[in-house]
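Chemist:
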Amino acid sequence: MNFTRWSARLPGTQRRAAARTEQTTSPDRRGEGSVPAARTELIDESPSVPAVDELRVREVLDRVPSLVALVHGPDHRIAYVNDAYTTAFGVRPLGKRAREALPELDALGLFPLLDQVQRSGKPRTVKSRKAPDGRSYTFTCTPVAQGDGKGGSDGRGVLVFATDVTDHAEAAERLRASERRQRETAVTLQRSLLPQELEEPDDLRVAATYHPGGTEAAVGGDWYDVITLGGGRTALVIGDVMGRGVRAAAVMGQLRTAVRAYARLDLPPHEVLQLLDGLAAEIDANQIATCAYAVHDPNEGKLVYASAGHLPILVRDENGTVLRADEPTGPPLGTGGWMHTSGSIPLGPGSTAVLYTDGLVERRDADLDEGIAALERALAGATGTPQVVCDRLVRSAGVTPDHDDDVAVLVLQHPARTGPDSELFRNAALELLGGVEAAPRARAFASGVLTSWRFPADLHDLGVLATSELVANSLQHGTPPMRLRLRRTDRRLIIEVTDGDDHLPRRRRAEPGDESGRGIAIVATIASNWGCRRTPGGGKAVWCEFALPRTQAT
Numbered sequence: 001m002n003f004t005r006w007s008a009r010l011p012g013t014q015r016r017a018a019a020r021t022e023q024t025t026s027p028d029r030r031g032e033g034s035v036p037a038a039r040t041e042l043i044d045e046s047p048s049v050p051a052v053d054e055l056r057v058r059e060v061l062d063r064v065p066s067l068v069a070l071v072h073g074p075d076h077r078i079a080y081v082n083d084a085y086t087t088a089f090g091v092r093p094l095g096k097r098a099r100e101a102l103p104e105l106d107a108l109g110l111f112p113l114l115d116q117v118q119r120s121g122k123p124r125t126v127k128s129r130k131a132p133d134g135r136s137y138t139f140t141c142t143p144v145a146q147g148d149g150k151g152g153s154d155g156r157g158v159l160v161f162a163t164d165v166t167d168h169a170e171a172a173e174r175l176r177a178s179e180r181r182q183r184e185t186a187v188t189l190q191r192s193l194l195p196q197e198l199e200e201p202d203d204l205r206v207a208a209t210y211h212p213g214g215t216e217a218a219v220g221g222d223w224y225d226v227i228t229l230g231g232g233r234t235a236l237v238i239g240d241v242m243g244r245g246v247r248a249a250a251v252m253g254q255l256r257t258a259v260r261a262y263a264r265l266d267l268p269p270h271e272v273l274q275l276l277d278g279l280a281a282e283i284d285a286n287q288i289a290t291c292a293y294a295v296h297d298p299n300e301g302k303l304v305y306a307s308a309g310h311l312p313i314l315v316r317d318e319n320g321t322v323l324r325a326d327e328p329t330g331p332p333l334g335t336g337g338w339m340h341t342s343g344s345i346p347l348g349p350g351s352t353a354v355l356y357t358d359g360l361v362e363r364r365d366a367d368l369d370e371g372i373a374a375l376e377r378a379l380a381g382a383t384g385t386p387q388v389v390c391d392r393l394v395r396s397a398g399v400t401p402d403h404d405d406d407v408a409v410l411v412l413q414h415p416a417r418t419g420p421d422s423e424l425f426r427n428a429a430l431e432l433l434g435g436v437e438a439a440p441r442a443r444a445f446a447s448g449v450l451t452s453w454r455f456p457a458d459l460h461d462l463g464v465l466a467t468s469e470l471v472a473n474s475l476q477h478g479t480p481p482m483r484l485r486l487r488r489t490d491r492r493l494i495i496e497v498t499d500g501d502d503h504l505p506r507r508r509r510a511e512p513g514d515e516s517g518r519g520i521a522i523v524a525t526i527a528s529n530w531g532c533r534r535t536p537g538g539g540k541a542v543w544c545e546f547a548l549p550r551t552q553a554t
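As structure tokens, then:
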């Protein structure tokens with residue numbers, strides 16, 4: 001094969017030759033006033049530099065450290081390989097078909113690219129392909145024409161130019177491996193900080209899911225939690241720490257721990273967020289987070305909530321109508337200087353509520369309200385257990401393993417119980433009037449209710465004793481109106497007394513000579529759990545609960 005025939009058709013050769021022709025000086029036209037002849041005898045004595053066009057292309061390519069091969073014709077017969085190519089893959093016979101003589105190109109999948117370059121006459125590049133010799137190369141395939149360039153595709157060849165990028169590829173792989181390890185660390189930390197098992201309230205059925213983002217840095221600070229407050233009440237939390245990686249997950253863990261601690265105080269939702277807002281500023285003044293905190297009381301039939309810049313809670317009632325909670329009641333946590341407020345949304349028997357983070361509804365190419373509206377439509381048609389509803393909402397939102405943001409979803413249902421199941425959930429209440437007859441009346445009421453609920457004798461007596469002590473404490477230290485409420489679930493008996501005084505009782509050790517101070521101590525001793533809280537309209541509620549024996553609960 002005569003390689004000089006191809007050198008004239010390499011890219012740029014013709015343009016450089018034309019430019020050299022245009023720059024040739026015209027004959028000297030000296031006339032009157034022209035420069036004296038003596039001046040024309042001055043010559044440039046600097047050494048002459050050979051033009052690029054005067055270099056032999058083959059000698060240049062032979063010394064290039066990159067791999068160079070030239071093939072021609074539709075079957076890509078080998079016209080030339082340089083020394084670097086021979087060193088890397090061995091001697092290649094000229095004139096042979098490339099598919100037979102260049103198996104390394106076949107292993108790299110370059111032959112379809114060679115066909116494309118020969119047909120289109122346009123260069124193509126593929127980056128960082130790992131060759132059989134274990135090294136990585138970036139291949140550039142450039143079309144060249146034989147002779148006058150009018151031979152069609154049969155007269156075209158392809159110059160294959162491969163640059164060794166092994167060092168760059170290995171560095172990139174090390175970087176990717178480091179990012180994968182960091183992401184795995186963040187995911188592990190994130191999942192370890194989330195509840196390993198959700199608490200199971202008596203009156204609610206709950207399920208939750210968390211999906212980390214698919215990109216290397218998409219592990220964020222989404223979290224959720226379910227906290228049983230006692231007395232039949234349940235707190236539900238969902239939040240999102242802005243940012244990505246281990247730092248966001250660590251901040252999330254601190255906030256989640258703080259929420260559980262504040263929830264034990266049994267404060268109204270807006271007060272919990274107020275405390276959390278101050279803590280968030282102390283953890284990191286530059287880190288903000290959104291959060292929604294809600295409390296469910298089965299006796300009230302509603303969800304009382306407060307939101308710190310979080311997305312609205314959605315509730316589907318027993319008729320299938322989806323309600324959206326009012327707009328957020330305050331800015332995100334960590335901003336400070338804002339008084340949060342509480343709102344409420346109905347959550348009666350047969351209702352389903354959904355708390356979620358923005359990764360479920362936010363998309364780059366759509367408005368956020370459109371995402372929330374799509375979630376409402378999906379919730380309207382999603383039936384089944386909380387876990388089934390949760391999975392359907394995630395699928396309907398198009399969340400995949402390569403999703404660009406992490407997603408947290410918390411679904412809760414207040415089941416509508418009928419038949420034998422409804423017998424395990426009962427309520428009874430008595431309005432208490434002041435006077436000496438209030439305590440005996442309360443004991444008689446409690447005894448009759450517990451007898452009708454068919455509790456065993458020992459649990460019946462403990463329930464009457466606890467009722468007597470709570471009512472006596474309220475009569476002595478509280479103010480009207482006073483109310484006694486008895487409630488049973490499939491797991492426990494709950495006794496609660498409310499009054500109009502907001503002073504919360506505390507357990508203390510009574511001295512032998514003290515005439516009071518033993519009521520709460522007695523209740524705390526005989527009951528499985530006890531507590532007190534301030535009620536929204538003013539006043540307080542003091543409660544205790546007894547775990548039912550397994551045979552009694554079922």
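Here the sequence shown is numbered in the working numbering, starting from 1 and rising by one per residue.
We put the CB at the ideal spot given by N, CA and C, even for glycine.
In this text the structure is predicted, and so the values were computed from the model without any measurement.
Once DSSP output is grouped into helix, strand and coil, what is the label at L375?
Modeler: Here residue 375 is taken as the residue at index 375 of the sequence shown, counted from 1. Note: L375 maps to helix in three-state DSSP.
Chemist: May I have the straight-line CA-CA distance separating Y85 from D391, to the nearest angstrom?
Modeler: Numbered from 1 along the sequence shown, position 85 holds the residue referred to as residue 85. Numbered from 1 along the sequence shown, position 391 holds the residue referred to as residue 391. Using only the alpha carbons, I get a separation of about 55 Å.
Chemist: Can you tell me where the alpha helix (DSSP H) with N473 in it begins and where it stops?
Modeler: Indexing the sequence shown from 1 puts residue 473 at position 473. From DSSP, the alpha helix (DSSP H) with N473 extends over 457-477.
Chemist: Pair every Cβ in the stretch 483-496 with every Cβ in the stretch 450-461, then say whether three or more of these pairs are closer than 8 Å.
Modeler: Taking 8 Å as the limit for Cβ pairs, the verdict is that the stretch 450-461 does touch the stretch 483-496.
Chemist: H477 and P440: beta carbons closer than 8 Å?
Modeler: If you number the sequence shown from 1, residue 477 lands on position 477. If you number the sequence shown from 1, residue 440 lands on position 440. No. Outside cutoff.
Chemist: Please report how far the alpha carbon of S474 lies from the alpha carbon of L465, in whole angstroms.
Modeler: Indexing the sequence shown from 1 puts residue 474 at position 474. Indexing the sequence shown from 1 puts residue 465 at position 465. Approximately 14 Å, taken between the alpha carbons.
Chemist: Beta carbon of D367, beta carbon of L333: below 8 Å?
Modeler: In the sequence shown, the residue the question calls residue 367 occupies position 367. In the sequence shown, the residue the question calls residue 333 occupies position 333. It is not a contact, given that the beta carbons lie outside the stated cut-off.
Chemist: For the alpha helix (DSSP H) that contains Q274, what are its first and last residues?
Modeler: Against the sequence shown, residue 274 aligns to sequence position 274. Run containing Q274: 269-283, per the alpha helix (DSSP H) assignment.
Chemist: So, helix, strand or coil for S66, using DSSP?
Modeler: As a first step, residue 66 is located in the sequence shown; it is residue number 66 there, counting from the start. Three-state result, S66: coil.
Chemist: Considering just the uninterrupted stretch of the beta strand (DSSP E) at D297, what are its terminal residues?
Modeler: On the sequence shown, residue 297 is found 297 positions in, with the first residue counted as 1. From DSSP, the beta strand (DSSP E) with D297 extends over 289-297.
Chemist: Round the Cβ separation of P132 and A172 to the nearest angstrom and send it over; I've been treating them as touching at under 8 Å.
Modeler: Mapped onto the sequence shown, residue 132 falls at position 132. Mapped onto the sequence shown, residue 172 falls at position 172. At roughly 20 Å, the Cβ-Cβ gap does not stay under 8 Å, so P132 and A172 are not in contact.
Chemist: In terms of DSSP beta bridges, what is Q413 paired with?
Modeler: The residue given as residue 413 occupies position 413 in the sequence shown. Beta-bridge pairing links Q413 to R205, T352.
Chemist: Give the straight-line distance between the Cα atoms of S447 and E437, rounded to the nearest whole angstrom.
Modeler: Start at 1 with the first residue of the sequence shown, and residue 447 comes out as number 447. Start at 1 with the first residue of the sequence shown, and residue 437 comes out as number 437. Each residue's Cα considered, the two are about 16 Å apart.
Chemist: Using the beta-carbon count (16 or more within 10 Å), is V60 buried or exposed?
Modeler: If you number the sequence shown from 1, residue 60 lands on position 60. With fewer than 16 other Cβ atoms within 10 Å, it is exposed.
Chemist: Do you know offhand how far V57's Cα is from L67's?
Modeler: Counting from one through the sequence shown, the residue named residue 57 turns up at place 57. Counting from one through the sequence shown, the residue named residue 67 turns up at place 67. Taking the straight line from one Cα to the other gives about 15 Å.
Chemist: Specify the secondary structure class of S422 as computed by DSSP and reduced to three states.
Modeler: The count along the sequence shown starts at 1 and reaches residue 422 at position 422. Helix at S422.
Chemist: Pick out the complete beta strand (DSSP E) segments inside the stretch 100-185, 3 residues or longer, and give them in chain order.
Modeler: Within the stretch 100-185, the complete beta strand (DSSP E) runs of at least 3 residues are 124-130, 136-145, 156-164.
Chemist: In whole angstroms, give me the CA-to-CA distance for D266 and R176.
Modeler: Along the sequence shown, read from residue 1 onward, the residue named residue 266 stands at position 266. Along the sequence shown, read from residue 1 onward, the residue named residue 176 stands at position 176. One C-alpha to the other measures close to 47 Å.
Chemist: For P346, which of helix, strand or coil comes out of DSSP?
Modeler: Your numbering for residue 346 matches position 346 in the sequence shown. Here P346 sits in strand by DSSP.
Chemist: Taking the alpha helix (DSSP H) that G448 falls in, what are its first and last residues?
Modeler: Taking the sequence shown and counting its residues from 1, one reaches residue 448 at position 448. Element bounds for G448: 438-452.
Chemist: How is T188 classed by DSSP in three states: helix, strand or coil?
Modeler: Reading the sequence shown from its first residue, position 188 is the one you call residue 188. In this structure, T188 counts as helix in the three-state DSSP scheme.
Chemist: Could you compute how far the alpha carbon of L379 sits from the alpha carbon of I494?
Modeler: Position 379 of the sequence shown, counting from 1, holds the residue named residue 379. Position 494 of the sequence shown, counting from 1, holds the residue named residue 494. Rounded to the nearest angstrom, the two C-alpha atoms are 33 Å apart.
Chemist: Which one or two residues does DSSP pair with K540 in a beta bridge?
Modeler: Position 540 of the sequence shown, counted from the first residue, corresponds to residue 540. Bridge partners of K540: D499, R534.
Chemist: Mapping DSSP to helix, strand and coil, what is A37?
Modeler: Residue 37 sits at position 37 when you count from the first residue of the sequence shown. Confidence in A37 is poor, its pLDDT being 49 and thus under 50, which makes the residue's placement unreliable; the coordinate value appears in the next sentence. Helix.
Chemist: If we require 4 or more residues per run, which alpha helix (DSSP H) segments fall completely within the stretch 383-412?
Modeler: Entirely contained in the stretch 383-412, the alpha helix (DSSP H) runs reaching 4 residues are, in chain order, 386-396.
Chemist: Take A547 and list the residues in its own chain whose beta-carbon comes closer than 6 Å to its own, dropping the five residues that flank it on each side.
Modeler: For the purposes of this step, residue 547 is taken as residue 547 along the sequence shown, with counting starting at 1. Excluding sequence neighbours, A547 sits near R492, S528.
Chemist: Does the Cβ-Cβ distance between L314 and A285 come in under 8 Å?
Modeler: The residue labelled residue 314 in the question sits at position 314 within the sequence shown. The residue labelled residue 285 in the question sits at position 285 within the sequence shown. Contact: no.
Chemist: By DSSP, does L193 sit in helix, in strand, or in coil?
Modeler: Mapped onto the sequence shown, residue 193 falls at position 193. Three-state result, L193: helix.
Chemist: Please name the residue in K540, S351, P420 whose C-alpha comes closest to that of L204.
Modeler: Residue mapping note: residue 204 aligns to position 204 of the sequence shown, counting from 1. Of K540, S351, P420, the residue nearest in Cα terms is S351.
Chemist: Within 10 Å of its beta-carbon, does S120 have 16 or more other beta-carbons around it, so buried, or fewer, so exposed?
Modeler: In the sequence shown, counting from the first residue as 1, residue 120 sits at position 120. S120 comes out exposed.
Chemist: As a quick exercise: from E100, V158, C141, pick the residue whose alpha carbon is nearest that of H72.
Modeler: The count along the sequence shown starts at 1 and reaches residue 72 at position 72. Closest by alpha carbon: V158.
Chemist: Quick check on this structure: which residue in G537, C544, P536, R508 has the alpha carbon closest to the alpha carbon of V523?
Modeler: Taking the sequence shown and counting its residues from 1, one reaches residue 523 at position 523. Ranking the options by Cα distance to V523, first place goes to C544.
Chemist: Determine which residues share a DSSP beta bridge with G239 and list them.
Modeler: As a working note, residue 239 is residue 239 in the sequence shown. Looking at the DSSP assignment, G239 forms a beta bridge with W223, C291.
Chemist: Straight-line CA distance for S192 to A186?
Modeler: Indexing the sequence shown from 1 puts residue 192 at position 192. Indexing the sequence shown from 1 puts residue 186 at position 186. Near 10 Å, if we compare the C-alpha coordinates of A186 and S192.
Chemist: Look at L323 and I345 and say whether their C-beta atoms are less than 8 Å apart.
Modeler: Counting from 1 along the sequence shown, the entry for residue 323 is found at position 323. Counting from 1 along the sequence shown, the entry for residue 345 is found at position 345. The answer is yes: Cβ separation under 8 Å.
Chemist: At a Cβ threshold of 8 Å, is V165 touching chain B?
Modeler: Considering every chain present, this structure includes no chain B. It has just one protein chain.
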